[in-house]
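Undergrad: Residues in the sequence shown are numbered from 91 upward in steps of one, following this note's numbering. Ideal Cβ placement from N, Cα and C applies to all residues, glycine included.
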Amino acid sequence: MRKFLQRALEKIEKMDRTQIRQLVSDIAGDNELLEMVMESMSDGVVVTDREDNILMVNKSAERMFPFSTDDLIEKPLNQAIGDKEIREFLKENLHGLDRILDQEFTLGDGYSRTLSLSIMPLVRQGWITGNVIHIEDVTEKRAKEARLRRAESLAALTTLTAGVAHEIKNPLGSIGIHLELMKKEMSGKKQIETQKVLENLLIIKEEVDRLNRIVMDFLFTVRPMNAELSYDELNRVVRELLDFMKFELSEAGITVDTDLTKTGPQILMDERYMKQAVLNILKNAISAMPDGGRLRVQTVQKGNELLLKISDTGVGISDEHMDKIFEPYFTTKDFGSGLGLTLVYKILKEHMGDIEINSKVGEGTSITLSFPVPQKEKRLIGYNEEAQ
Ligand SMILES: Nc1ncnc2c1ncn2[C@@H]1O[C@H](COP(=O)(O)OP(=O)(O)OP(=O)(O)O)[C@@H](O)[C@H]1O
Ligand SMILES: [Mg+2]
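1. Would a C-beta distance cut-off of 8 Å place Phe195 and Ile176 closer than the cut-off?
2. Classify Met210 as helix, strand or coil using the three-state DSSP reduction.
3. Does the contact criterion of 3 or more C-beta pairs under 8 Å hold for the segment 365–379 versus the segment 401–416?
4. Would you mind stating whether Ile445 and Tyr435 have Cβ atoms separated by less than 8 Å?
5. Going by DSSP, which residues form a beta bridge with Phe416?
6. Can you name, in chain order, every residue of its own chain whose Cβ lies under 7 Å from the Cβ of Ile371, other than the five neighbours on each side?
7. If you count every other CB in all the chains shown that lies within 10 Å of the CB of Asn474, and 16 or more means buried, which is it?
8. Does the beta-carbon of Ile407 have 16 or more other beta-carbons within 10 angstroms, so that it is buried, or is it exposed?
9. Taking the beta carbon of Ser115 as the centre, do at least 16 other beta carbons fall within 10 Å, making it buried, or is it exposed?
10. Would you mind stating whether Leu167 and Ile144 have Cβ atoms separated by less than 8 Å?
11. What residues in its chain sit with their C-beta under 6 Å from that of Lys231, if we drop five residues either side in the sequence?
12. For Trp217 and Gly198, what's the separation of their Cα atoms in angstroms?
13. Is Leu429 near ligand 1, judged by its Cβ being under 7 Å from some heavy atom?
14. State buried or exposed for Val305, treating a residue as buried only when at least 16 other CB atoms are found within 10 Å of its CB.
15. Does the beta-carbon of Asp347 have 16 or more other beta-carbons within 10 angstroms, so that it is buried, or is it exposed?
16. For Glu516, write down the residues that DSSP places opposite it in a beta bridge.
17. Quick check: Pro261 and Arg300, are their CB atoms within less than 8 Å of each other?
18. Please report the straight-line C-alpha distance between Lys286 and Glu297, rounded to a whole angstrom.
19. Tell me the rounded alpha-carbon separation between Ile51 and Glu242.
20. Unbroken beta strand (DSSP E) runs of length 3 or more, entirely within the segment 129–155: which are they?
21. Tell me whether Gly266, by its Cβ, gets closer than 7 Å to a heavy atom of ligand 2.
22. Rounded C-beta distance between Glu395 and Val463? I'm assuming under 8 Å.
23. Using 10 angstroms around the beta-carbon of Lys101, count the other beta-carbons present and answer buried if the total reaches 16, otherwise exposed.
24. Around the Cβ of Glu476, are there at least 16 other Cβ atoms within 10 angstroms (buried) or fewer (exposed)?
25. Might you give, ordered along the chain, the residues of its own chain that have their beta carbon closer than 7 Å to the beta carbon of Arg140, omitting 5 neighbours on each side?
26. Cβ-heavy atom distance between Lys373 and ligand 2 below 7 Å?
27. Identify every residue that forms a DSSP beta bridge with Leu385.
28. Nearest to Lys414 by CA position, among Phe179, Ile163, Leu398 and Thr432, is which residue?
29. Return the residue from the list Ile293, Met272 and Phe155 that minimises the CA-CA distance to Thr284.
30. Measure the C-alpha to C-alpha separation of Thr159 and Lys165 and round it to an integer number of angstroms.
31. How many Å lie between Glu275 and Ile282 at the Cα?
32. For Asn360, does the count of other Cβ atoms within 10 angstroms reach 16, so buried, or fall short, so exposed?
33. Between the alpha carbons of Ala246 and Leu397, how many angstroms are there, rounded?
34. What residue from Lys365, Val312 and Lys279 has the CA that sits closest to Leu250's CA?
35. In the structure shown, what three-state DSSP assignment does Leu429 receive?
36. Quick check on this structure: which residue in Ile265, Ile357 and Leu291 has the alpha carbon closest to the alpha carbon of Thr389?
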């Protein structure tokens with residue numbers, strides 16, 4: 091209750107007529123303001139009492155909600171709501187103690203609308219005396235998001251197809267030239283020199299293989315991944331990979347320095363994909379250090395996240411290139427496909443992870459992958475720590 095009202099009520103016995111009139115007028119003014127606020131809101135609000143009867147409902151709620159009657163005040167909410175799904179949802183959740191936020195419902199056939207409902211308990215002096223139901227019409231918001239997603243995937247597809255078109259131009263050109271050479275070799279001759287033809291055929295075969303690789307890489311990049319996530323230890327995967335690559339690393343004159351968290355934590359991952367992502371990053375680090383260098387691999391747990399940091403002392407990435415390295419087919423290498431980091435990014439997204447890159451030309455590059463540590467795991471760690 092507002093303080094001035096409480097004070098006035100305490101003294102009401104001693105008030106004269108004018109003071110009481112003033113008090114009633116103040117309360118009416120307050121009430122009017124509250125009503126005005128409720129009616130001007132674009133979101134819908136319905137307030138119910140403990141028995142789920144409607145105490146208050148604003149215009150926006152009347153407009154958005156499919157109410158089955160006009161006269162709403164003091165009606166049981168259950169009878170007033172037309173939509174079966176919303177009715178069931180409210181019936182199940184109105185008496186819980188927690189807030190329920192942003193449950194979405196799609197209404198109507200033909201021109202459908204999406205409503206987002208939240209339920210907040212109405213607490214008065216420590217007791218739950220009913221509920222406030224907040225309704226937001228998110229139809230436009232969702233449609234805008236979907237449009238944006240479509241535009242983004244279309245843009246990504248355009249870059250990718252432009253890349254493919256560019257990539258296949260060279261092998262196709264080369265096949266054309268060698269076919270032409272063979273034609274020249276054969277035209278007007280009764281007997282042909284097989285050696286020359288064979289040479290050309292071999293080149294054509296190589297180019298066809300290259301085309302095949304480009305198509306396979308393309309398909310691998312655009313296809314959904316269907317990663318199968320299960321609890322696993324990232325440190326083990328990293329250790330196995332470093333072990334697998336130790337020969338290649340020492341041949342390249344690279345010393346490896348590891349600093350991995352001692353225990354766990356486990357994260358949700360698909361081992362095959364995770365290995366592929368880390369392998370791509372390690373391969374990039376190796377090719378960034380053609381004259382050898384140092385590779386540092388570290389895992390750190392920071393709050394709800396597990397970080398994997400891979401740093402090299404290689405050539406670094408210029409600001410100009412930094413914006414492009416995740417683009418499909420962007421490469422600075424003679425024999426690179428430019429799909430390595432595109433795949434890393436795709437795999438990370440499947441793992442709800444993220445990537446951050448810091449680099450300085452001439453000094454090296456540091457790549458940090460971050461993964462969420464599931465709550466279950468966090469609680470286990472907490473429990474273990476207490477038990478020790
Ligand atoms: N650790 C790094 N140091 C320096 N440059 C890097 C590093 N990692 C990536 N890059 C730059 O980013 C570019 C894109 O990398 P990405 O892995 O996508 O393709 P790629 O390595 O060129 O080809 P592929 O992975 O198919 O062999 C590389 O060509 C390189 O210029
Ligand atoms: Mg690469």
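TA: Here's the rundown:
1. Taking the first residue of the sequence shown as 1, we reach residue 195 at position 105. Taking the first residue of the sequence shown as 1, we reach residue 176 at position 86. Yes. Within cutoff.
2. Translated into positions along the sequence shown, residue 210 becomes position 120. Met210: strand per DSSP, three-state reduction.
3. Touching, yes, given that three or more Cβ pairs across the two stretches are closer than 8 Å.
4. Working through the sequence shown from its first residue, we reach residue 445 at position 355. Working through the sequence shown from its first residue, we reach residue 435 at position 345. Yes. Within cutoff.
5. Locating residue 416 in the sequence shown gives position 326, where the first residue counts as 1. The partner list for Phe416 (beta bridge, DSSP) is empty, contrary to what the question assumes.
6. The residue given as residue 371 occupies position 281 in the sequence shown. The residues are Ile400, Val434 and Ile457.
7. Translated into the one-based positions of the sequence shown, residue 474 becomes position 384. With a pLDDT of 39 at Asn474, under the threshold of 50, the predicted position of this residue should be treated as unreliable, and no value is reported.
8. As a first step, residue 407 is located in the sequence shown; it is residue number 317 there, counting from the start. Per the 10 Å Cβ criterion, buried.
9. On the sequence shown, residue 115 is found 25 positions in, with the first residue counted as 1. Result: exposed.
10. Within the sequence shown, the letter at position 77 stands for residue 167. Within the sequence shown, the letter at position 54 stands for residue 144. Result yes, Cβ atoms of Leu167 and Ile144 sit closer than 8 Å.
11. Here residue 231 refers to the residue found at position 141 when the sequence shown is read from its first residue. Within the same chain, Lys231 has no close Cβ partners at all.
12. Taking the sequence shown and counting its residues from 1, one reaches residue 217 at position 127. Taking the sequence shown and counting its residues from 1, one reaches residue 198 at position 108. The C-alpha of Gly198 is placed about 37 Å away from the C-alpha of Trp217.
13. Taking the sequence shown and counting its residues from 1, the one referred to as residue 429 is at position 339. Correct: Leu429 has its Cβ closer than 7 Å to ligand 1.
14. As a working note, residue 305 is residue 215 in the sequence shown. Exposed: under 16 other Cβ atoms inside 10 Å.
15. If you number the sequence shown from 1, residue 347 lands on position 257. Classified as exposed, Asp347 has fewer than 16 neighbouring CB atoms from the shown chains inside 10 Å of its CB.
16. Coverage of the chain is limited to positions 91 through 478, which leaves residue 516 absent and any answer about it impossible.
17. By 1-based counting over the sequence shown, the position of residue 261 is 171. By 1-based counting over the sequence shown, the position of residue 300 is 210. Closer than 8 Å, so yes.
18. Start at 1 with the first residue of the sequence shown, and residue 286 comes out as number 196. Start at 1 with the first residue of the sequence shown, and residue 297 comes out as number 207. So the alpha carbons of these two residues sit roughly 17 Å apart.
19. Any question about residue 51 goes unanswered here, given that the chain covers just 91 to 478.
20. The beta strand (DSSP E) runs of length 3 or more contained entirely in the segment 129–155 are, from start to end of the chain, 134–139 and 144–147.
21. Residue numbering aside, residue 266 sits at position 176 when the sequence shown is read from its first letter. Every heavy atom of ligand 2 is 7 Å or more from the Cβ of Gly266, so no.
22. Along the sequence shown, read from residue 1 onward, the residue named residue 395 stands at position 305. Along the sequence shown, read from residue 1 onward, the residue named residue 463 stands at position 373. About 6 Å separates the beta carbons of Glu395 and Val463, which is inside the 8 Å limit, making them a contact pair.
23. Position 11 of the sequence shown holds residue 101. The C-beta of Lys101 has fewer than 16 other C-beta atoms within 10 Å across all chains shown, which makes the residue exposed.
24. As a first step, residue 476 must be located in the sequence shown, where it is residue number 386. Only weak support is given to the placement of Glu476: the predicted model assigns it a pLDDT of 37, under 50, and the question is left unresolved by the model.
25. Translated into the one-based positions of the sequence shown, residue 140 becomes position 50. Within the same chain, and ignoring the five residues on either side of Arg140 in sequence, the residues whose Cβ sits closer than 7 Å to its Cβ are Thr219 and Gly220.
26. Locating residue 373 in the sequence shown gives position 283, where the first residue counts as 1. Yes, the beta carbon of Lys373 sits closer than 7 Å to at least one heavy atom of ligand 2.
27. On the sequence shown, residue 385 is found 295 positions in, with the first residue counted as 1. Looking at the DSSP assignment, Leu385 forms a beta bridge with Val346 and Asp402.
28. Within the sequence shown, residue 414 is the residue found at index 324, counting from 1. Of Phe179, Ile163, Leu398 and Thr432, the residue nearest in Cα terms is Thr432.
29. As a position in the sequence shown, residue 284 is number 194, starting the count at 1. Minimum Cα distance to Thr284 is reached at Met272.
30. Working through the sequence shown from its first residue, we reach residue 159 at position 69. Working through the sequence shown from its first residue, we reach residue 165 at position 75. For Thr159 and Lys165, the distance between alpha carbons rounds to 9 Å.
31. Taking the first residue of the sequence shown as position 1, residue 275 is located at position 185. Taking the first residue of the sequence shown as position 1, residue 282 is located at position 192. About 7 Å.
32. If you number the sequence shown from 1, residue 360 lands on position 270. According to the sequence shown, residue 360 is Asp rather than Asn. Residue burial is scored here from C-beta neighbours: Asp360 has at least 16 other C-beta atoms within 10 angstroms and is therefore classed as buried.
33. Translated into the one-based positions of the sequence shown, residue 246 becomes position 156. Translated into the one-based positions of the sequence shown, residue 397 becomes position 307. Cα atoms of Ala246 and Leu397: separation of roughly 27 Å, rounded to the nearest angstrom.
34. Your numbering for residue 250 matches position 160 in the sequence shown. Nearest C-alpha to Leu250: Val312.
35. Here residue 429 corresponds to residue number 339 of the sequence shown, with the count starting at 1. Taken through DSSP and simplified to helix, strand or coil, Leu429 comes out as coil.
36. For the purposes of this step, residue 389 is taken as the residue at position 299 of the sequence shown. Measuring from the Cα of Thr389, the nearest candidate turns out to be Ile357.
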